[in-house]
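*Asks:*
Protein chains: 2
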Amino acid sequence: MGLHECAAWIRENDSFLLLTHRRPDGDTLGSAAALCHALKRLGKQAWLYRNPEVTERYEPFVASYYAPADFRPAYFIALDIADVTMLPKGFDGSVDLVLDHHGSNSQFGLMNEVRPEAAACGELILDLIPLLCGNLEKEEADLLYVAVSTDTGCFCYGNTTADTFRAAAELYEAGADNRRLNKLLFRTSSRPRLMLEGMIYTGLRSARDGAVNVAVVTLDMMSRAGATEDDCDDIASLAGRVAGNRVSVTVREMEPGRCKVSLRTDGVLDASAACARFGGGGHRMAAGCELSATPEKTVTQMLSVIDELWG
Amino acid sequence: MGLHECAAWIRENDSFLLLTHRRPDGDTLGSAAALCHALKRLGKQAWLYRNPEVTERYEPFVASYYAPADFRPAYFIALDIADVTMLPKGFDGSVDLVLDHHGSNSQFGLMNEVRPEAAACGELILDLIPLLCGNLEKEEADLLYVAVSTDTGCFCYGNTTADTFRAAAELYEAGADNRRLNKLLFRTSSRPRLMLEGMIYTGLRSARDGAVNVAVVTLDMMSRAGATEDDCDDIASLAGRVAGNRVSVTVREMEPGRCKVSLRTDGVLDASAACARFGGGGHRMAAGCELSATPEKTVTQMLSVIDELWG
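Chains A and B are the protein sequences, given in the same order.
Just so you know, our numbering puts the end of the first sequence at 1012, numbered straight through with nothing missing.
Just so you know, our numbering puts the end of the second sequence at 1012, numbered straight through with nothing missing.
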């Protein structure tokens, strides 16, 4: 279906519960809250499902949209959710309308509007809201800026296109406070996260003249940093920051004697083949595996396989 | 004067040397190299002044545009240079055309085109090149993307506006390889820089329940990290990343017994007043000073003044 049909269906109905995905990010939450705000402007009853996994960072953006306990919705709308397995914890109903941008979307809704070329689901909602309300309000622009900017790493990731930049221009003109939001989303980290990053950087090891870089995160480091899972977002990208890096390995001790490995390459060797040696898998440029070994032994084993597969 | 007059003057003349500013950044270099490429397309003789302070990061973008030793230019064009004091080392001629975006520009050229509302000088060159050549080529788009993205911290700094996003969309469509360039410019750091960041993060101190954060960079840390001045870019922003920060202090030991202080606040106290106590100055939100003291003593003295001035 198209966006116009989505808008028509929404206008004809009432009483919506908006769903966000597991381990919710800025895109699912910002998109859902922005649409919720617009639906309320239309005079609809609309609320967000209280996703139990919302982190501290995003809670302030969505808390005022959570459905009251006695809300009995007639319809369910899923935002940025690629598949039923990604529906939020505790929800087991069926979905009426799916709004998403994942190419892999399994079209699990009664109606589905999926735009795989969009960098963020927020781009789609940015087009939908004016069809519903005729304009975009500042609160919606802020929420959609959260959606688009977080899904593109502040316009830095490879998914950023001319359309993304144009969406950002539109949001800025509708009042999105990019200065305040960027400070909060991209230039602020928890103290434990900075401590952990610091330990990772000072402990970086390298091989092959710096082309291979290894980051290790032990349970002891996590505890000394006071870090939790929330502080480990995108931690597997840090080793790859070193100038000249071609292959990065991140080893995380999950419990004594068990380590998770994330392997990323520029293509010089097949990451999934390397991880398959230990029962793991993934893609050529990024793969993972688990070893029953100490962090030290895990590093040694990974380096040895990398040496063997190096082209 | 306006951009059309600039374009007309350039078309009527020939033999240009393009100047970049001291401690050149991506904006001055990207703008100059892009304009140089366009001038060559017009059949003009045009080269970049060989700025002796170009860093390793930017050298590959500009090296092919450096003037040969025997080039005798008829005209000089300054890009992104706010004042004669910022003309590149070794240059002492007069400037014919100034193209810039600094509100403080002293209009030191015979002709001056300054656009203070632009986030980067590159935005101005993006408008100038099509007036000269009718279109924008991929090489120019890449160079202007370097200009605009670095001056806005990849669209994250507060100077980013709707016009900046629109410029980025235009550059993307003209072929700018934002994926490759972002990786190089924003997701890559030298090993010494990462090591130094790591030491700074693990050594962060705080006061007033985390509202005050202090980063210390000693000569010993610099030496252990193998870091040089090139690795210290924007180092004074790191302490301010901590969630809940209101006042950040960065103390750099310049030589034994002498420290430079950078103080940044959200306005809770006047940074320039605090720094004035030690003969320094600046603005309310950002100021600096130098103390003849060890890093330890410098931290103690700064914390004591902060305590005294806290609102």
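Even glycine gets a Cβ: it sits at the ideal position worked out from N, Cα and C.
Measure the alpha-carbon distance for B:Ala821 versus B:Ala848 and round it to whole angstroms.
*Replies:* Cα-Cα distance, rounded: 7 angstroms.
*Asks:* Of the residues A:Arg816, A:Glu760, A:Asn752 and A:His802, which one's Cα is nearest the Cα of A:Leu788?
*Replies:* Cα-wise, what sits closest to A:Leu788 is A:Asn752.
*Asks:* Name the DSSP bridge partner or partners of B:Lys961?
*Replies:* Answer is B:Arg953 and B:Glu991.
*Asks:* To the nearest angstrom, how far is the alpha carbon of B:Leu647 from that of B:Ala733?
*Replies:* Residue 647 of chain B is absent from the structure shown; chain B starts at 702 and stops at 1012.
*Asks:* Cβ closer than 7 angstroms: which chain A residues qualify as neighbours of B:Met896?
*Replies:* Correct list: Tyr902 and Thr903.
*Asks:* I'd like to know whether the C-beta of A:Ala863 is nearer than 8 angstroms to at least one C-beta of chain B.
*Replies:* Closer than 8 angstroms to some Cβ of chain B, the Cβ of A:Ala863 qualifies, so yes.
*Asks:* Return no unless some Cβ of chain B is closer than 8 angstroms to the Cβ of A:Tyr759.
*Replies:* Not closer than 8 angstroms to any Cβ of chain B, the Cβ of A:Tyr759 fails to qualify, so no.
*Asks:* Would you please state the rounded distance, in angstroms, between the beta carbons of B:Gly727 and B:Leu886? I believe it to be under 8 angstroms.
*Replies:* Contact holds; Cβ gap of about 7 angstroms.
*Asks:* Are the C-beta of A:Ser963 and some C-beta of chain B separated by less than 8 angstroms?
*Replies:* No - not a single Cβ of chain B is within 8 angstroms of the one on A:Ser963.
*Asks:* Which residues in the same chain have their Cβ closer than 6 angstroms to the Cβ of A:Ala842, if we skip the five residues on either side of it in sequence?
*Replies:* Answer for A:Ala842: Leu872, Ala875, Gly876 and Ala877, listed in chain order.
*Asks:* Can you list the residues of chain A that B:Glu874 reaches, using a CB-CB cut of under 7 angstroms?
*Replies:* Under the 7 angstroms cutoff, chain A gives Ala863.
*Asks:* Determine which residues share a DSSP beta bridge with A:Thr889 and list them.
*Replies:* Partner(s): none; A:Thr889 has no beta bridge.
*Asks:* Kindly indicate which three-state DSSP category B:Trp748 falls into: helix, strand or coil?
*Replies:* The answer is strand: DSSP assigns B:Trp748 an E or B state.
*Asks:* I'd like to know whether the C-beta of B:Val943 is nearer than 8 angstroms to at least one C-beta of chain A.
*Replies:* Yes, because at least one Cβ of chain A sits closer than 8 angstroms to the Cβ of B:Val943.
*Asks:* Taking 7 angstroms as the cut-off, is the CB of B:Asp931 close to at least one heavy atom of the ligand HEM?
*Replies:* In the structure on display, the ligand HEM does not appear, and there are no ligands present to speak of.
*Asks:* Assuming B:Leu905 contacts A:Leu895 (C-beta within less than 8 angstroms), just tell me the rounded distance between them.
*Replies:* With 8 angstroms as the limit, B:Leu905 and A:Leu895 qualify as a contact, their Cβ atoms being about 7 angstroms apart.
*Asks:* In chain A, which residues lie less than 7 angstroms from B:Asn883 when you measure between Cβ atoms?
*Replies:* Correct list: Cys857.
*Asks:* At a CB-CB cut-off below 9 angstroms, which residues of chain B make contact with A:Thr851?
*Replies:* Neighbours of A:Thr851 on chain B: none; closest Cβ ~12 angstroms, over 9 angstroms.
*Asks:* Give a yes or no on whether the C-beta atoms belonging to B:Ser963 and B:Ala937 are separated by under 8 angstroms.
*Replies:* For B:Ser963 and B:Ala937, yes; Cβs fall inside 8 angstroms.
*Asks:* Kindly say whether B:Gly899, judged by its beta-carbon, lies nearer than 8 angstroms to any beta-carbon of chain A.
*Replies:* Cβ-Cβ to chain A under 8 angstroms: yes for B:Gly899.
*Asks:* Are the CB atoms of B:Leu720 and B:Ala779 within a distance shorter than 8 angstroms?
*Replies:* The answer is yes: Cβ separation under 8 angstroms.
*Asks:* Taking the Cβ atom as the reference point for each residue, do B:Gly794 and B:Phe772 lie within a distance shorter than 8 angstroms?
*Replies:* Not closer than 8 angstroms, so no.
*Asks:* Any chance the stretch 991–1003 of chain A sits against the stretch 947–957 of chain A, with 3 or more Cβ pairs inside 8 angstroms?
*Replies:* The stretch 991–1003 of chain A, when compared against the stretch 947–957 of chain A, does touch it at the 8 angstroms Cβ threshold.
*Asks:* Is the CB-CB distance between A:Ala916 and A:Thr966 below 8 angstroms?
*Replies:* Not a contact, by the Cβ cut-off of 8 angstroms.
*Asks:* Cβ of B:Arg880 less than 8 angstroms from any chain A Cβ?
*Replies:* It does: the Cβ of B:Arg880 has a partner Cβ on chain A nearer than 8 angstroms.
*Asks:* Note down, in chain order, each residue of its chain lying with its Cβ closer than 7 angstroms to the Cβ of B:Gly810, except the 5 sequence neighbours on either side.
*Replies:* Contacts found: Ala779, Val796, Asp797, Leu798 and Val799.
*Asks:* Measure the alpha-carbon distance for A:Met745 versus A:Ser716 and round it to whole angstroms.
*Replies:* As written in the sequence, residue 745 of chain A is Lys, which differs from the Met given in the question. Rounded to the nearest angstrom, the two C-alpha atoms are 6 angstroms apart.
*Asks:* Would you tell me roughly how many angstroms separate the C-alpha atoms of A:His984 and A:Asp971, rounded to the nearest one?
*Replies:* Roughly 8 angstroms between the two C-alpha positions.
*Asks:* Name, in chain order, the residues that DSSP records as bridge partners for A:Gly983.
*Replies:* Paired residues: A:Ala988.
*Asks:* CA-CA distance, A:Ile711 and B:Leu897?
*Replies:* When rounded, the distance between both Cα atoms is 54 angstroms.
*Asks:* For B:Arg867 and B:Ser850, I'd like the C-alpha separation in whole angstroms.
*Replies:* Between B:Arg867 and B:Ser850, the C-alpha separation is close to 12 angstroms.
*Asks:* Are the beta-carbon atoms belonging to A:Ala709 and B:Arg892 less than 8 angstroms from one another?
*Replies:* For A:Ala709 and B:Arg892, no; Cβs fall outside 8 angstroms.
*Asks:* Name the DSSP bridge partner or partners of A:Phe777?
*Replies:* Looking at the DSSP assignment, A:Phe777 forms a beta bridge with A:Leu718.
*Asks:* Grab me the residues of A:Thr862's own chain with a C-beta within less than 7 angstroms of its C-beta, minus the 5 sequence neighbours each way, in chain order.
*Replies:* Cβ within range, chain order: Ala820.
*Asks:* List the residues of chain A whose Cβ lies closer than 8 angstroms to the Cβ of B:Arg888, in chain order.
*Replies:* Correct list: Cys857, Ser938, Gly941 and Arg942.
*Asks:* Return the residues of the stretch 907–927 of chain A that lie within a Cβ-Cβ distance of less than 8 angstroms from chain B, sorted by chain order.
*Replies:* Answer set for the stretch 907–927 of chain A: Ser907 and Gly911.
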